[in-house]
Amino acid sequence: MRALDRKLLRDLRLMWSQALTIALVVACGMGGFLTTLSAVDSLALARDAFYAEGRFADVFASVKRAPLALEPRLRELPGVLDVQTRIEHLVRLELPGVDDPVLGQLIGLEPRSAPRMNRVFIQRGRDLGEQPTGTRAIEVLLSAGFAEARGLEPGTRLTALINGRQRELVVVGWVLSPEYIFAGLGGLPDMRGFGVVWLDREQLAGAYDMRGAFNRVSIKLAPGASEAAVIAELSQVLQPYGGREAYGRADQTSHAMLDAEIKEQQVLGTLLPVIFLGVAAFLLNVVVSRLVATQREQVAALKALGYPNRNIAVHYLKLVLVIVSLGLLLGIALGKTLGVMMTGL
């Protein structure tokens with residue numbers, strides 16, 4: 002073993018506590034990078050896969066009332082691959098034992114055919130119409146987040162004020178949907194005060210006199226189509242029917258909240274580890290500078306024995322490299338463990 006390498010081991014043995022402290026700070030920084038950024042990548046991939054599986058729409062629009070006969074015309078718009086129309090209404094829900102105001106978004110669903118876009122996936126319970134209850138209560142599916150937050154298990158009954166009439170609803174299942182990963186009003190998630198309710202479209206249409214009509218449009222864009230051009234054409238076609246401003250996926254409430262959450266994690270995963278690594282760099286500079294200052298006589302002796310400046314500089318760089326490498330290994334182990342926990346959370 003070379004003399005400088007023996008000196009390196011001796012220096013590390015004498016300053017083991019300082020070296021370990023700096024290595025732990027480096028490990029925190031590297032572990033933070035791996036934890037948050039790997040979780041961000043995992044969340045983004047999971048989101049994209051869920052969007053693809055659920056055929057999440059690209060463009061959305063609302064109207065006051067439009068006839069179903071308008072749907073073929075919408076399909077002929079340039080850049081449109083598929084169109085899906087449905088009925089939606091916002092109502093007040095009354096839950097057993099709950100006095101707080103709770104809002105529900107009623108969405109008409111064809112129980113005999115799966116939606117082509119914005120599909121729903123049964124997480125618990127059953128689908129609509131599979132086992133008729135034999136009562137006048139309306140079978141509904143609830144968004145899983147709202148149902149879990151309120152403890153509304155399949156079989157629970159609640160009431161809703163639908164077009165001025167109190168109607169009894171019976172929960173038959175919890176569902177997940179790419180359209181309502183986050184649900185809420187005003188751009189903020191509200192799992193306890195806002196629920197999404199899917200029910201038979203014919204029942205919803207009859208309650209609001211919307212048979213043969215729709216008030217909500219979802220559009221899937223053709224590959225290479227211009228979103229802005231499709232939105233402009235769609236707004237023009239829907240305007241005579243009380244059409245409101247159409248918007249793309251980036252402005253869809255759930256996607257916007259989810260995207261903001263992922264971006265927030267990305268910012269935190271970049272900023273905080275940089276602070277840790279900056280502190281580690283400062284500590285390394287202080288320790289190595291002090292070490293060189295206290296070993297001036299040893300450096301002079303080494304130079305007198307013929308060691309060039311380059312070899313002596315590499316010797317101290319090796320000291321830094323050993324400490325940083327130890328921190329890197331600890332950071333990888335820490336990042337892997339915490340990354341799995343963060344993604345699960």
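Read in order, the letters of the sequence shown correspond to residues 2 to 346 in our numbering. Where is the CB? At the ideal position from N, CA and C, for every residue including glycine.
For a test of the three-state rule: what should DSSP assign to residue i, helix, strand or coil?
| i | result |
| --- | --- |
| MET343 | helix |
| ASP191 | coil |
| SER144 | strand |
| ASP49 | helix |
| PHE61 | strand |
| TYR181 | helix |
| ALA4 | helix |
| GLU154 | coil |
| SER219 | strand |
| GLU298 | helix |
| VAL103 | strand |
| VAL289 | helix |
| ALA214 | strand |
| ARG117 | coil |
| PRO274 | helix |
Closest Cβ-Cβ distance between residue i and chain C: below 8 Å?
| i | result |
| --- | --- |
| CYS29 | Reference to chain C is not applicable here, since this structure consists of a single protein chain. |
Express the C-alpha separation of residue j and residue i in angstroms, rounding to a whole number.
| i | j | result |
| --- | --- | --- |
| GLU95 | GLN267 | 39 Å |
| PHE61 | ARG202 | 19 Å |
| PRO73 | LYS337 | 51 Å |
| LEU44 | GLU246 | 30 Å |
| CYS29 | THR37 | 12 Å |
| VAL341 | ASP42 | 12 Å |
| GLY212 | PRO224 | Per the sequence presented here, residue 212 reads as Arg, with Gly not at that position. Spanning the two alpha carbons is a distance of roughly 33 Å. |
| MET258 | LEU285 | 41 Å |
| ALA148 | ALA40 | 26 Å |
| LEU339 | LEU330 | 14 Å |
| PHE283 | ALA314 | 19 Å |
| PHE34 | ASP252 | 29 Å |
| ALA58 | GLY207 | 26 Å |
| TRP17 | LEU327 | 12 Å |
| MET2 | LEU272 | Below a pLDDT of 50, predicted positions are generally treated as unreliable, and MET2, at 47, falls in that range; no measurement from the model is reported. |
| VAL172 | GLY279 | 54 Å |
Using 8 Å as the threshold, is the C-beta distance between residue i and residue j below it?
| i | j | result |
| --- | --- | --- |
| ASP128 | PRO112 | yes |
| ILE123 | VAL197 | no |
| ASN119 | GLY32 | no |
| GLY156 | ARG125 | no |
| GLY194 | LEU104 | yes |
| TYR181 | SER236 | no |
| ARG168 | ILE88 | no |
| ALA281 | VAL64 | no |
| VAL289 | VAL321 | yes |
Quick check on residue i: buried or exposed, where buried means 16 or more other Cβ atoms within 10 Å of its Cβ?
| i | result |
| --- | --- |
| GLY146 | buried |
| VAL121 | buried |
| GLY130 | exposed |
| ARG151 | buried |
Run the proximity test for residue i: is its beta-carbon closer than 7 Å to any non-hydrogen atom belonging to the ligand SAH?
| i | result |
| --- | --- |
| MET16 | The model on display carries no ligand, and the ligand SAH is accordingly not part of it. |
Just confirm the distance between the C-beta atoms of residue i and residue j, as a whole number of angstroms; I'd bet it's less than 8 Å.
| i | j | result |
| --- | --- | --- |
| ALA70 | LEU239 | Wrong, their Cβ atoms sit about 14 Å apart, outside the cutoff. |
| ALA24 | ILE324 | 5 Å |
| LEU82 | LYS221 | 5 Å |
| LEU200 | LEU91 | 14 Å between Cβ atoms; not a contact. |
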